[in-house]
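Trainee:
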Amino acid sequence: MSKHHVSTTINNEPVEFLCETQETLLDVLRNTLNLTGSKEGCASGDCGACSVICDGALMCSCLMLGVEAEGHVITTVEGIAREDELHPVQRQFLEHAALQCGFCTPGLIVATKALLDANPNPTEEEARYWLAGNLCRCTGYDKVLAAVMDAAAEMRGERQAA
Amino acid sequence: MPSLNYAAPTTVNEAVALLAGASGLAKVLSGGTDLLVQLRSGRVKPELIVDTKHLPGIMGIREDNGGFIIGAATPGAVIEAHEGLSHAYPGVVEAMDLIGSTQIQGRASLAGNLCNASPAADSVPAMIAAGVTAIVVGPNGKREVPVEQVPTGPGRTSLGKGEFIVEFRLPKLPGRASDAYLRFIPRTEMDIAVVGCGVSVTLDAAGVCTAARVCLGAVAPTPLLVAGAAAALVGSRLDAAALAKLDAAAQDACRPITDKRGTIEYRTRVAGVLARRTAAIAFERAAKRV
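As you go down the protein sequences, you meet chains A and B in turn. The first sequence begins at 363 in my numbering and counts up by one. The second sequence begins at 14 in my numbering and counts up by one.
(1) Helix, strand or coil for A/E445 per DSSP?
(2) Does the beta carbon of A/A405 come closer than 8 Å to any beta carbon on chain B?
(3) Using a Cβ-Cβ cutoff of less than 6 Å, which residues in the same chain neighbour A/V527 once the five nearest sequence positions on both sides are dropped?
(4) For chain A, check one thing: does any of its Cβ atoms lie closer than 8 Å to the Cβ of B/D64?
(5) Could you give the residue range of the alpha helix (DSSP H) that holds A/E440?
(6) For A/G407, count the other beta carbons within 10 Å of its own beta carbon; 16 or more makes it buried, fewer makes it exposed. Which is it?
(7) Do you know offhand how far A/A405's Cα is from A/G399's?
(8) Can you check whether the C-beta of A/S369 is within less than 8 Å of a C-beta belonging to chain B?
(9) Is there a Cβ of chain A sitting closer than 8 Å to that of B/R53, yes or no?
(10) Would A/H561 pass as a contact of A/A509 if the rule is Cβ separation under 8 Å?
(11) Just verifying my parser: in three-state terms, what is the DSSP assignment at A/G433?
(12) Keeping to the same chain, check which residues put their C-beta closer than 6 Å to that of B/M14; ignore five residues upstream and five downstream.
(13) Quick check on A/P468: does DSSP put it in helix, strand or coil?
(14) Cutting at 8 Å between CB atoms, please list the residues of its own chain near A/L395, excluding the five before and the five after it.
(15) Which residue wins for smallest C-alpha separation from A/C498, given the options A/A489, A/A411, A/I442?
(16) Where does B/L38 land, buried or exposed, given buried means 16+ other C-beta within 10 angstroms?
(17) Any idea what DSSP makes of B/R156, helix, strand or coil?
(18) To the nearest angstrom, how far is it from the Cα of B/T165 to the Cα of B/P234?
(19) Excluding sequence positions up to five away, which residues of its chain have a Cβ less than 6 Å from the Cβ of B/N126?
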């Protein structure tokens, strides 16, 4: 079968690409579109390092075929910041040093953005459950949770920007 | 590698023709949270993937004669966000919600969970307990199948070549009826059931159970609809004697395996405990209804 021609929207830009059926959206993002922020950790939907937002829903780009992106609206970690200004979630992760090797960080940033879009005032427990599919092997989760809660507070205007 | 074909039909007839006409293995794609993992590992080697998500009605929830119709490929996140469904069928919704992470919930579907046919699938015992039926389409037309008749063993279903599920029907509930699902895992999130249990009950005005269904997961090759466990509840107000009979009937039905998640003995004991706890939640929910 010839390659599929896919028209989609990624980070507010119309994008067209060609892919084989078996290529995942993550393969396409990283290998075809050079959007290498999304990481491949497990390639089985367990680690969350490849998290993207598709039509408002958080999902693993390793569990979606590239060809399925046709007509959808996708946000990757590269689309979280606005122009030269980091998103509050990104700034709070920096402020709290909520990363060590950084491999899980893009997925955590995207998942946190999706959380705060859906629930601007989460409890820490809600944040922990929401992020249960984002695995970190080095830093652990305490600083991540501190960053998430402070980003939420900042976005609600209850706290100074970091 | 032989090429893998992909089709995204927009009519049921087209989808059935594609699936039925494939010379090799053809797989139905809903959310893909199981299929893509199996593709990558080489466990399945289809020649064709038929993406059903463009079929009319297969994504989304609609009310129907006081009950609900859930499109087969509707993601978990959409199911959990539906207030009317969550109120009417809290057991089905909480079972779906237990599957995987937020990311998985963005894609995973009831039809995928059912047709992947894992003995430990969370939504399946809940659907069976709630009396949900699947609308199956195929080369011979449409048929309505009770969910318990779909899985036939680990990874196997009763669906024939060219058949797939388009929607699930959840019947209108009698007044004082509700359901519940509990899963036992050794942690709080992101694990596979050691035992799962779905219970639905109907109570009369005095709080006496007039109808019940109890289904156990992960304790046999397929989810078990346990008639003896339901019989233990009917006619009772869930007193100690009924709970003891329920526990014994649940344990008696178990035919589990020993694996890294638990031994035969452990799973059997847990099944009894879980049945009691799940029944208590279902009774409490039903009693709050008028």
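Beta carbons are placed, not taken as given, at the ideal position from N, Cα and C, and that holds for glycine.
Mentor: Result, derived from the coordinates:
(1) In the three-state reduction of the DSSP assignment, A/E445 falls in the coil class.
(2) It does: the Cβ of A/A405 has a partner Cβ on chain B nearer than 8 Å.
(3) In the structure as shown, chain A starts at 363 and stops at 524, and residue 527 of chain A therefore has no counterpart that could be examined.
(4) Contact of B/D64 with chain A is assigned, a C-beta pair being separated by under 8 Å.
(5) In the DSSP assignment, A/E440 falls outside any alpha helix (DSSP H), carrying neither H nor E.
(6) When all chains shown are included, A/G407 counts as buried.
(7) Distance between the alpha carbons of A/A405 and A/G399: 15 Å.
(8) So no, A/S369 is outside the interface.
(9) Closer than 8 Å: yes.
(10) In the structure as shown, chain A begins at 363 and stops at 524. Residue 561 of chain A is therefore absent and cannot be evaluated.
(11) The answer is coil: DSSP assigns A/G433 none of H, G, I, E or B.
(12) For B/M14, the pLDDT reaches just 49, beneath the cut-off of 50, and the residue's location in the model is therefore unreliable, although a value from the coordinates is still provided. There are no such residues.
(13) Here A/P468 sits in helix by DSSP.
(14) Result list for A/L395: I372, V377, F379, in chain order.
(15) Of the candidates A/A489, A/A411, A/I442, the residue whose Cα lies closest to the Cα of A/C498 is A/A411.
(16) With fewer than 16 Cβ atoms within 10 Å of its Cβ, B/L38 is classed as exposed.
(17) In the displayed model, B/R156 falls within a strand according to three-state DSSP.
(18) Computed Cα separation, rounded: 8 Å.
(19) Excluding positions up to five away in sequence, the list reads A134, S136.
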